[in-house]
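The structure under discussion appears below in the form of structure tokens.
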Amino acid sequence: MDNESVREKFKHNPKLKKFIDWVIMNQVETRPRWFIRLLAPLYQHRGKHSVIHHSARMDTPPYRIFSLGDYSVVESFACINNAVGDVIIGDHTRIGLHNTIIGPVDIGSHVNLAQSITVTALNHNFDDTNKRIDEQGVSTNPVTIEDDVWIGANAVILPGVTIGEHCVVAAGAVVTKDVPPHSLVAGVPAKVMKQI
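Count along the sequence shown from 1, add 1026, and you get the number used in the working numbering.
Written out as structure tokens, the structure is:
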């Protein structure tokens, strides 16, 4: 059985999907990660010589795509979550210490993320003042990081952003808008400082 057929089986079976959500992302108590480590090879794509460090938190249910390219690394204490959208990471890419990635996110090849970076395509809805925020669901807007990008420590990449190829995002920057290729951006909110 290939990855796609496993994913489709989970996607089209509501009871199985609910069970997987309960096991992986229980609201009341943290579940052990042995379940994911045991079943992940059945539905995740991990490229040649790729590494996911043991302490990385992989909230990657089988009904969404998680793909890690050849020679890519997910460092210790990183958190990858594809529960609301696919997470695709290219070849020769490094996801640094304590990074958080919440899909849908597409990261290209030869991308380096320093430590403590947040890349999120998810927002919680909060329009209805008569409902608690946690009852209003979420919305997503995909994030794309193209090839050959360096993102400095503690940067935040917000929903809907595309970072063009060969860019540098300075440490501590909060990226709220698209970044054109060959740019250096810095600040809160991030602005183009120069072309590189």
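Glycine included, each C-beta is placed from N, C-alpha and C at the ideal position.
Asked: Other residues of its chain near GLY1186: CB distance less than 6 Å, five sequence neighbours each side excluded; Found: ASN1167
Asked: Straight-line Cα distance separating ILE1171 from SER1076; Found: 19 Å
Asked: Per-residue DSSP class, three states only, for LEU1210; Found: strand
Asked: Continuous beta strand (DSSP E) stretch holding HIS1150: start and end; Found: 1148–1150
Asked: Extent of the continuous beta strand (DSSP E) to which CYS1105 belongs; Found: 1105–1107
Asked: Contact set for PRO1206: own chain, Cβ-Cβ below 6 Å, skip 5 residues either direction; Found: GLY1190
Asked: Residues near VAL1218 by beta carbon distance below 8 Å, same chain, minus five either side; Found: VAL1205, PRO1206, SER1209, LEU1210 and VAL1211
Asked: Nearest-angstrom Cβ-Cβ length linking GLU1101 and GLY1129, presumed shorter than 8 Å; Found: About 18 Å separates the two Cβ atoms, so there is no contact after all.
Asked: Delimiting residues of the beta strand (DSSP E) encompassing LEU1123; Found: Run containing LEU1123: none; DSSP gives neither H nor E here.
Asked: Residue(s) in a DSSP beta bridge with HIS1071; Found: SER1093
Asked: Minimum C-alpha distance to GLY1213 - residue among ILE1222, ALA1196 and GLN1221; Found: ALA1196
Asked: SER1081 burial status per 10 Å Cβ neighbour count (16 or more: buried); Found: exposed
Asked: Other residues of its chain near ILE1078: CB distance less than 6 Å, five sequence neighbours each side excluded; Found: VAL1100
Asked: Exposed unless 16 or more other CB atoms sit within 10 angstroms - verdict on THR1119; Found: buried
Asked: Cβ contact (3+ pairs, closer than 8 Å) linking the region 1090–1098 and the region 1063–1074; Found: yes
Asked: Strand pairing of MET1084, partner residues [DSSP]; Found: ILE1106
Asked: Where ILE1159 falls: helix, strand or coil (DSSP); Found: helix
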